[in-house]
Every structure is written in C-alpha cells, then in structure tokens.
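K.L.:
Here the sequence shown is numbered in full-length UniProt numbering, starting from 1 and rising by one per residue.
Just dropping this structure here.
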Amino acid sequence: MSSFVTEVLASSGKLEKDDLACKISKLSRKVEETKEEVTDMINKKYIEFIPSMEGAEELLDQVESVSKDIDLLKSCIENEHVHSCDVNDYVKTKHYFIIFLMLFKFDTAVEEYHRALQEKNYVVAAKQHGNVNALKAWKDTELPLVRALSSEITIQRENLIYHLGEEWQKLAVWKLPSTKTELTSVKSFLKTALHLNRGGSKGDESVPHALLPSILQALSIQGELHKKMKLFGQVLFKYMLKPLIIFPSLVVEVSSQPEQGAVLSLQCTETKADHPDPSQVYTKVLTVLKTLHEQLFVVSIDEKKVSEVLGDLIWKEMSECIIRECLVHSIPANSSQLAEYSEVIKQTEDFESSLKKMGYLAGDSTDLLKYARNVNCHFASKKCQDVIVAARKLMASEMHNTVKITPEYKLSIPKLPSPSGGEKERKESCKKSAHYDQQSLENEKQLSPNTMCLPVCRISESVQQLMDLAIQTLSEAVGSSPQCAVQLFYTVRNIFHLFYDVVPTYHKDNFLKLPHLAAIQHNNCMFIAHHLLTLGFQFKPYLPLKDGVAYFVDLVPGFRRLGARCFVAQMNVQKAEMLERLSTARNFSNLDDENNYSVASKAIRQVIHQLRRLGKVWQDVLPVNIYCKSIGTLLNTAISELINKIMMLEDISNMDGERLRTLCQTIIEEGPLVFNPLPEENKNKKYQEEVPVYAKKWMTLKEISMVLNANLQEIVDRWAEGKGPLAVEFSCNEMKSLIRALFKNTERRAAALAKIVK
C-alpha cells in the first residue's frame with residue numbers, strides 16, 4: 001500500500017511511457033479489489049448507518065461520484081490514456097482511494113473492538129479503538145461521511161470508558177459516611193469501609209483473575225488511569241488514611257471474603273493518648289496500602305507499577321499530614337529524651353522502605369525522613385516555642401499570688417557538667433586564691449553575708465516560675481548541640497524582652513488602680529534585674545557563644561527603670577488623690593467658722609486614712625527602706641500642702657490659730673503610726689521614730705504648730721537670732737509674714753519683727 005501511495009504521490013505530471021505497462025497492471029488490480037471491497041462495505045455495513053445520518057442522500061451521491069472516478073481511472077489505465085487524463089482528476093481519485101482504504105481498515109477495527117468488548121478483553125478493545133481513532137486524522141476532509149464516523153469514534157470511546165468505569169467500581173467499592181455528617185470526630189468515620197473484589201463480580205466464576213490487569217491496562221491506553229487513581233487516592237486519603245493518622249483510637253481492620261478479596265473497615269479502640277504514636281501510625285497506614293497492593297495494585301503498566309501511580313498522587317499530602325499530626329507531637333520535650341528518638345527515626349526508615357518495596361514511594365530521602373532525622377533542630381524550635389508560650393501564660397496570669405523573698409533566697413540552678421579544661425583551671429584558681437589569702441591583712445574588714453542579696457520583699461509567684469523556666473531552659477541548652485544551645489539561649493533572652501513589653505501593657509490599668517500590684521511589679525522588676533546580673537556568668541562556661549556576648553547584663557538597667565517607672569506612676573496617683581482631698585479644705589482659712597473647720601478636719605482625716613491604708617497594703621510587700629521612703633514622701637506631700645496654705649494666710653485669728661494647731665497636731669500624732677513596714681507591731685517602733693528622716697517637712701510642721709500657739713517672746717527666743725530651730729525651718733521673710741498674720745500691729749510686734757534676722 002505504501003509503495004502504491006508513494007508512486008501516486010511521485011506522479012506530478014504525465015507518466016513515463018516506459019513504466020506505464022507495469023504501473024497500469026498494478027493499478028488495475030488495486031482498483032478492482034478496492035472497488036469491490038468498498039462496494040461490499042457500503043452495501044453490507046453502512047447501508048443501515050447512512051440513512052439514519054443527517055444528509056444521507058448527499059453522502060450516497062458522494063459515494064457514487066467516487067465510484068465514477070474510480071471507473072474513470074480504470075478506463076484511462078486500460079486504454080493507456082493516462083497521459084491524457086487531467087492530473088487534478090487523477091490526484092482527486094487517488095485521494096478518495098486512500099480514504100476508502102482507511103474506511104476498510106476502520107471496518108475491521110470496529111469488528112474487533114465490539115468482539116473484544118463483549119468478551120471483556122478490554123486491552124484488545126482499547127487497542128482496536130486506537131486503530132479506529134486513526135480515522136480522526138482525516139477529520140478535516142470534505143466528506144461528511146468521514147466527519148460522521150469521527151463522531152461515532154468519540155461515542156465508542158465514551159462507551160468503552162463507561163464499561164471500564166463499571167468494572168473499576170466493582171473492583172473497589174466504597175462505603176462512606178453521609179455527606180451531611182461532619183467529619184470532626186472518630187465516630188463520624190466508623191461507617192467507612194472499602195470492599196476489594198479482585199476484578200470480578202460476585203458469583204461470576206467465568207471472569208478470570210486476569211481481568212484486573214486488563215482493566216488497568218485498558219484505562220492506561222485510554223489515558224484514564226491517572227484520573228481514576230487520582231479520584232481513588234483523594235477518597236482513600238480523606239476517608240481512611242487521614243483519620244487513621246489523626247485519631248489514635250481509630251484502627252483499620254482487614255477481613256477476608258472467599259472469592260471476593262478483602263474488606264478494609266475502620267474501628268474504634270480505647271486509648272488515653274492525645275496524639276498518635278509514630279509506630280502506630282506507620283503500622284495502620286502500611287496495613288491499608290499493603291492490602292491495596294496485594295488486592296489491586298500489584299499490576300505493572302508499561303513497566304510502571306500501578307501502586308507507584310497512586311503513591312505519586314497521595315504521598316506529599318500524606319507525609320505532610322503525618323508530620324503535622326504525629327511527628328510534631330513526638331518531638332521530645334527535653335534534651336534527655338533525644339537519644340530515645342533514634343527509635344522513631346528507625347521506624348520512619350522502615351516505613352519508607354516498606355513503601356518502596358511495594359512501589360508506592362520512589363527516591364532515597366523524603367521530607368518525612370528528613371524531618372525525623374532533623375530532630376535536634378525541631379527539638380530546639382519546639383522547645384523555644386513551648387518556652388515562649390509558657391512564659392506568655394505566666395505573664396498574663398494573676399500577679400497577686402506572691403512568695404516571700406529573703407536574703408537567703410537563691411536560684412535553684414541544677415548541677416552542671418564540668419566544662420572542658422575545668423579541672424586544671426580550678427586547680428590554678430585555688431592556688432591563686434591561697435596565695436591571695438596569705439597576703440590578706442588580719443584586720444581586713446569582711447563584707448556582710450547579706451551583701452549582694454535582695455532585701456526582704458514579696459514577688460509574684462508567676463515571676464519566680466518565669467525565672468525557674470529561664471534557668472531550666474538554659475540548663476537544657478548546656479546538654480544540647482551547639483545550634484540548639486544558641487537557639488535556646490536567645491529564647492531565654494526573648495523571655496525577658498517579652499516580659500519588658502507585655503507585662504506593663506497587659507496589666508497597665510491594674511498597676512494604676514491597685515497600689516498593691518504596683519508594689520509587686522516594682523519588686524518583680526528588681527528581682528529579675530538582680531538575678532540577670534549573674535545569670536549569664538553562671539552559664540557562660542557551658543554555652544557555645546562568641547566572646548563579647550553580653551548575656552543578660554545589658555538588660556539590667558531597663559528592668560530597673562521599668563520597676564521604678566511603674567511604682568512612681570502609682571505614687572503620682574496617690575499624690576493626686578491626696579491633693580484632691582486637701583483641696584476641699586477651703587485653703588484652711590476662716591476656721592472660726594464651724595463648717596469650714598469641719599471640712600478641713602475631714603480632709604486631714606482622709607489623708608491620714610489614705611496613708612494608713614497604703615501602709616497596710618504595702619506592708620510586708622515592699623522592702624523596708626522603699627516602704628518608708630514611699631510613705632514618708634506621701635506624708636511629706638500632705639505636710640507641705642498644709643504648711644503652704646498656712647503660710648499664705650494674711651490674717652489668723654486666735655480661733656483660727658488654735659484650730660490650725662489642732663490640725664497640725666493631728667498629723668504629728670497620727671502620722672508616725674502609718675509607718676508599719678513589718679507585720680510584727682513591736683518591730684515598727686524604730687521606723688516610727690525615724691519619721692523626720694523620710695518626711696523632710698516633718699520638723700517644719702512641728703515648728704509651725706508651736707508658733708501657732710506661742711506668744712511673740714517665745715517665737716523670738718526660738719528664733720535665737722537666726723540660730724534656733726525656727727531659723728532652720730523658715731526664712732526671715734516667712735517668719736515675719738507668719739508673725740504679721742498671727743499678731744496685731746503693735747510696738748511689741750514691731751520689736752519682735754526687728755529681731756527676726758539672720
């Protein structure tokens with residue numbers, strides 16, 4: 001046929017006369033055979049098909065026209081008038097001739113296709129359809145017959161795919177939960193089951209086991225195998241593999257059925273585990289995939305296992321799910337468990353090896369195995385994340401639960417291993433120390449045992465736990481790989497940075513409203529700053545950090561400022577409240593009026609009550625020296641306000657003077673009683689006697705109280721020419737102004753004023 005076509009195509013004009021005899025003989029025979037076959041095919045095969053087609057009459061006319069062209073060709077050949085035939089007519093006849101040869105081939109392929117389809121020989125059917133499909137190369141021809149047959153080819157392909165789909169559904173029958181069921185619990189997956197039927201219908205013993213590779217091979221030929229496997233893989237992962245990975249209590253059960261294959265179903269077992277164990281996950285996944293391999297996917301298509309096709313489609317999503325739902329939670333919580341994780345790495349290697357043997361997995365190293373082997377990095381990341389989460393939780397917890405800190409308090413640092421070269425260094429250090437001791441003076445003063453110790457105070461229990469968390473994390477870093485150690489070290493630094501940023505913001509309102517919490521926050525910051533001074537040096541020999549790293553010392557000033565700023569803000573709130581109360585006293589003027597005196601007396605009582613309440617709230621919380629300075633500062637604010645108001649008065653009557661003195665005496669008598677830094681009352685007397693140390697205007701108050709009840713001579717005597725107690729607390733102008741307000745303008749007052757000089 002190819003030589004015939006070649007000869008025809010090579011003829012571009014008139015044939016050479018010397019070759020005509022041979023060529024005419026061959027062409028004559030071919031024309032006769034082809035015409036008979038085509039005529040028979042038209043009469044027997046397509047006479048039923050053509051009338052049912054649109055434009056049937058036109059198609060029959062074209063067939064008749066082609067027949068005439070063939071007769072013309074034959075006539076030309078027989079009469080040796082080929083040279084006189086129109087070349088265009090000749091080529092046209094050749095074109096139709098080739099088409100009819102293709103139609104003859106199409107007829108044979110269709111017969112073989114239908115026979116193979118009835119016998120369920122799907123591979124042959126698929127191949128024959130491929131032969132039939134060759135007619136589509138002529139889809140652009142002007143013959144409507146060819147175009148109609150091309151449509152028929154498409155219909156037959158869909159028919160074949162339909163039959164293959166029916167057979168595939170018999171191979172793998174799914175039983176799935178209702179579409180209305182929310183797939184969020186173990187219970188929702190208990191109805192999932194997969195029936196594997198080995199390639200035959202129930203009771204159909206005539207269907208051989210070889211039907212399975214036939215179906216898969218035919219799907220591959222038609223280009224449908226990848227689509228079927230993709231859909232199957234999606235259902236398999238969603239309804240079986242993923243639930244088995246996520247839920248520890250979910251297991252797969254394999255039951256065999258005679259002559260039918262196997263059934264995979266999901267069952268529930270009791271377990272207390274919150275997250276699945278890697279070995280259990282691997283076992284469950286392998287059970288499913290091994291059963292599929294034995295029942296369905298042991299077949300190879302074009303030297304490639306069907307299981308490899310499925311593996312390529314589901315491996316990435318499945319491995320990510322195993323990492324996310326299983327391996328992440330299996331990472332050890334502390335460095336002492338890292339050695340035991342080698343078992344998980346071995347299990348992962350065995351898991352992938354089993355998948356490779358069955359063909360589900362190709363390649364030497366996957367993301368799953370890389371993740372398991374990179375446990376040190378994941379441990380550090382997980383540890384850092386857990387530490388930060390735990391730290392944030394502590395920072396957001398209630399701060400009023402406190403613990404008492406004494407000078408004897410020490411951080412509980414675990415015993416650390418000896419650093420490299422430590423023994424030699426310790427010996428040299430001991431020798432140097434002994435040498436210095438011999439040179440020390442016998443009468444050299446020794447430091448107090450409490451030097452560099454925190455004073456007695458209370459801190460939040462959460463802050464103590466935060467510091468313990470930092471020490472525990474640093475201890476973990478000591479026994480870890482260099483990369484992990486560095487990561488853990490900087491995580492500890494991040495803890496303190498986080499405290500600096502989060503706590504003042506999260507508890508901001510409480511620090512302003514509750515003086516108790518403000519005092520605790522002050523202590524918390526001082527506690528952290530105190531231990532950051534030495535924390536870095538305690539771990540420095542054991543951490544693989546470069547020289548010049550500041551460790552934690554650089555954080556100390558910031559924490560001290562943070563604590564002071566918080567407490568100063570609370571002090572300003574208390575001062576504002578105190579001045580607000582004193583402002584209601586109407587400038588302490590005209591106290592001879594009962595109403596005015598009552599208001600002024602009430603204001604003084606409220607201030608004393610405020611100080612008493614603060615003294616109680618801060619008792620046993622603030623260090624004694626901070627407590628006394630704070631209460632003394634607030635008391636001094638009240639005293640200064642009272643003194644300033646008195647000094648501003650231009651006229652003080654006897655009644656006013658007596659009542660102002662009463663108010664002053666109230667403060668003098670009750671002021672010291674607000675100094676109660678310790679719960680033991682008998683130990684507070686010492687601090688009550690030291691009020692002038694903490695309240696700078698205390699002696700000024702006492703002197704002005706004396707002046708309010710004194711005569712001119714007593715005032716002059718106490719001034720003592722600028723050397724007496726009054727001269728210490730008041731200037732000349734202040735004392736003269738006070739005398740003018742208390743006494744009328746007389747010669748005695750003038751004489752007294754003349755003596756108020758320095």
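Even glycine gets a Cβ: it sits at the ideal position worked out from N, Cα and C.
Should the region 267-274 be regarded as contacting the region 283-290, the criterion being three or more beta carbon pairs within less than 8 Å?
P.N.:
Contact between the region 267-274 and the region 283-290 is absent, because fewer than three Cβ pairs lie under 8 Å.
K.L.:
Can you give me the Cβ contacts of Trp174 inside the same chain, cut-off strictly under 7 Å, excluding the 5 residues immediately before and after it?
P.N.:
Along the sequence shown, one-based indexing puts residue 174 at 174. Excluding sequence neighbours, Trp174 sits near Leu194, Val235.
K.L.:
Please classify Asp204: is it buried, with 16 or more other beta-carbons within 10 angstroms of its beta-carbon, or exposed?
P.N.:
Within the sequence shown, numbered from 1, the residue matching residue 204 stands at position 204. Residue confidence is low: Asp204 scores 48 on pLDDT, short of 50, so the model does not pin down where it sits. No coordinate-derived value is stated.
K.L.:
Following a CB-centred definition, is Gly165 positioned closer than 7 Å to any heavy atom of the ligand SAM?
P.N.:
The ligand SAM is absent from the structure shown, which contains no ligands of any kind.
K.L.:
Which class does Ser335 belong to by DSSP, given the choice of helix, strand or coil?
P.N.:
For the purposes of this step, residue 335 is taken as residue 335 along the sequence shown, with counting starting at 1. In the structure shown, Ser335 sits in a helix (DSSP, three-state: H, G or I).
K.L.:
Just to confirm my understanding: we take Ile314, look at its own chain, exclude 5 residues before and 5 after, and list those with CB closer than 6 Å. What are they?
P.N.:
By one-based count along the sequence shown, residue 314 stands at place 314. Closer than 6 Å at the Cβ level, and outside the excluded window around Ile314, lie Gly233, Phe237.
K.L.:
Under three-state DSSP, which class holds Lys180?
P.N.:
Mapped onto the sequence shown, residue 180 falls at position 180. It is coil, neither helix nor strand.
K.L.:
Taking the alpha carbon of Cys377 as the point to measure from, which residue in Cys525, Asn401, Val328, Gly363 has its own alpha carbon closest?
P.N.:
In the sequence shown, counting from the first residue as 1, residue 377 sits at position 377. Closest option to Cys377, Cα to Cα, is Val328.
K.L.:
What are the uninterrupted segments assigned as alpha helix (DSSP H) that are 4 or more residues long and contained completely in the UniProt domain "ZW10 C-terminal helical" (602-756), given in chain order?
P.N.:
Here the runs fully enclosed are 624-648, 654-670, 685-688, 691-694, 698-708, 712-719, 725-729, 732-742, 747-755.
K.L.:
Contact between the region 471-486 and the region 639-655: three or more CB pairs below 8 Å?
P.N.:
Counting Cβ pairs under 8 Å, fewer than three are found: no touch.
K.L.:
Please classify Phe588: is it buried, with 16 or more other beta-carbons within 10 angstroms of its beta-carbon, or exposed?
P.N.:
Against the sequence shown, residue 588 aligns to sequence position 588. Buried: at least 16 other Cβ atoms inside 10 Å.
K.L.:
What residue from Ile161, Lys383, Pro248, Leu591 has the CA that sits closest to Leu338's CA?
P.N.:
By 1-based counting over the sequence shown, the position of residue 338 is 338. Here the closest residue by C-alpha is Lys383.
K.L.:
Enumerated in chain order, which unbroken segments of the beta strand (DSSP E) with a length of 3 residues or greater are wholly contained in the region 251-333?
P.N.:
Correct list: 261-268.
K.L.:
Assuming Val456 and Pro679 form a contact by the criterion Cβ under 8 Å, report the distance between their Cβ atoms to the nearest whole angstrom.
P.N.:
Taking the first residue of the sequence shown as position 1, residue 456 is located at position 456. Taking the first residue of the sequence shown as position 1, residue 679 is located at position 679. About 11 Å; that fails the 8 Å criterion.
K.L.:
Evaluate contact between the region 651-671 and the region 724-737, counting only Cβ atoms and requiring at least three cross-stretch pairs below 8 Å.
P.N.:
Cβ pair count under 8 Å is below three, so no.
K.L.:
Taking Glu294 as the reference, which of Asp277, Asn197, Ser330 has the closest Cα?
P.N.:
Taking the first residue of the sequence shown as position 1, residue 294 is located at position 294. Measuring from the Cα of Glu294, the nearest candidate turns out to be Asn197.
K.L.:
Does the structure place the region 463-473 close enough to the region 347-366 that three or more beta carbon pairs sit under 8 Å?
P.N.:
No, because fewer than three Cβ pairs between the region 347-366 and the region 463-473 fall closer than 8 Å, the two stretches do not touch.
K.L.:
Using a C-beta cutoff of 8 Å, does Thr348 count as contacting chain B?
P.N.:
Note that chain B does not occur in the displayed structure, where there is just one protein chain.
K.L.:
Report back the beta-carbon spacing between Met240 and Thr192 to the nearest angstrom; my notes put them in contact at under 8 Å.
P.N.:
As a first step, residue 240 must be located in the sequence shown, where it is residue number 240. As a first step, residue 192 must be located in the sequence shown, where it is residue number 192. Rounded, the Cβ-Cβ distance is 6 Å, consistent with contact.
K.L.:
Could you please give the first and the last residue of the uninterrupted alpha helix (DSSP H) stretch that includes Val549?
P.N.:
Sequence index remark: in the sequence shown, residue 549 carries index 549 (1-based). No alpha helix (DSSP H) holds Val549; DSSP gives it neither H nor E.
K.L.:
In this structure, does DSSP put His507 in helix, strand or coil?
P.N.:
Here the question's residue 507 lines up with position 507 in the sequence shown. Of the three classes helix, strand and coil, the one that applies to His507 here is coil, per DSSP.
K.L.:
Please report the distance separating the alpha-carbon of Trp618 from that of Pro557.
P.N.:
One-based indexing of the sequence shown puts residue 618 at position 618. One-based indexing of the sequence shown puts residue 557 at position 557. Approximately 24 Å, taken between the alpha carbons.
K.L.:
May I have the straight-line CA-CA distance separating Thr534 from Val693, to the nearest angstrom?
P.N.:
Along the sequence shown, one-based indexing puts residue 534 at 534. Along the sequence shown, one-based indexing puts residue 693 at 693. Each residue's alpha carbon lies about 33 Å from the other.
K.L.:
DSSP state of Cys566, grouped into three classes?
P.N.:
The count along the sequence shown starts at 1 and reaches residue 566 at position 566. Helix at Cys566.
K.L.:
By how many angstroms is the C-alpha of Gln222 removed from the C-alpha of Ile50?
P.N.:
Here the question's residue 50 lines up with position 50 in the sequence shown. Here the question's residue 222 lines up with position 222 in the sequence shown. Any reading at Ile50 is ruled out, since the residue's pLDDT is 43, under 50, leaving its predicted position unreliable.
K.L.:
Could you tell me the distance, in whole angstroms, from the CA atom of Arg718 to the CA atom of Ala751?
P.N.:
Locating residue 718 in the sequence shown gives position 718, where the first residue counts as 1. Locating residue 751 in the sequence shown gives position 751, where the first residue counts as 1. Arg718 and Ala751: Cα-Cα distance of roughly 15 Å.
K.L.:
Can you tell me whether DSSP reads Cys453 as helix, strand or coil?
P.N.:
As a working mapping, residue 453 is identified with position 453 in the sequence shown. Here Cys453 sits in coil by DSSP.
K.L.:
With H, G and I counted as helix, E and B as strand and the rest as coil, what does DSSP make of Thr584?
P.N.:
Along the sequence shown, read from residue 1 onward, the residue named residue 584 stands at position 584. Residue state, collapsed to three classes: helix.
K.L.:
Residues in its own chain within less than 7 Å of Gly722 by CB, not counting five upstream and five downstream?
P.N.:
Your numbering for residue 722 matches position 722 in the sequence shown. For Gly722, where only same-chain residues beyond five positions count, the Cβ hits under 7 Å are Val757, Lys758.
K.L.:
Compute the Euclidean distance between the alpha carbons of Leu543 and Ser397, then round it to the nearest angstrom.
P.N.:
Here residue 543 refers to the residue found at position 543 when the sequence shown is read from its first residue. Here residue 397 refers to the residue found at position 397 when the sequence shown is read from its first residue. Each residue's alpha carbon lies about 31 Å from the other.
K.L.:
Does the count of Cβ pairs from the region 512-525 and the region 561-577 closer than 8 Å reach three?
P.N.:
Touching, yes.
K.L.:
Assuming the contact rule is C-beta atoms closer than 8 Å, Arg458 and Thr406 should be a hit. Round their C-beta distance to whole Å, please.
P.N.:
One-based indexing of the sequence shown puts residue 458 at position 458. One-based indexing of the sequence shown puts residue 406 at position 406. Incorrect: roughly 11 Å between the Cβ atoms, too far for contact.
K.L.:
Exposed or buried, Glu703, counting other C-beta atoms within 10 Å across all chains shown (16 or more means buried)?
P.N.:
For the purposes of this step, residue 703 is taken as residue 703 along the sequence shown, with counting starting at 1. Buried.
K.L.:
Nearest-angstrom Cα distance between Trp698 and Cys628?
P.N.:
Residue numbering aside, residue 698 sits at position 698 when the sequence shown is read from its first letter. Residue numbering aside, residue 628 sits at position 628 when the sequence shown is read from its first letter. If I take the Cα positions, the gap works out to 14 Å.
K.L.:
What is the C-beta distance between Arg264 and Thr291, in whole angstroms, given that I count them as a contact (C-beta under 8 Å)?
P.N.:
Here residue 264 refers to the residue found at position 264 of the sequence shown. Here residue 291 refers to the residue found at position 291 of the sequence shown. Going by the sequence as given, residue 264 is Leu instead of Arg. About 6 Å separates the two Cβ atoms, so the contact holds.
K.L.:
Could you check what DSSP says for Leu555 in three-state terms: helix, strand or coil?
P.N.:
For this step, residue 555 is matched to residue 555 along the sequence shown. Leu555: helix per DSSP, three-state reduction.
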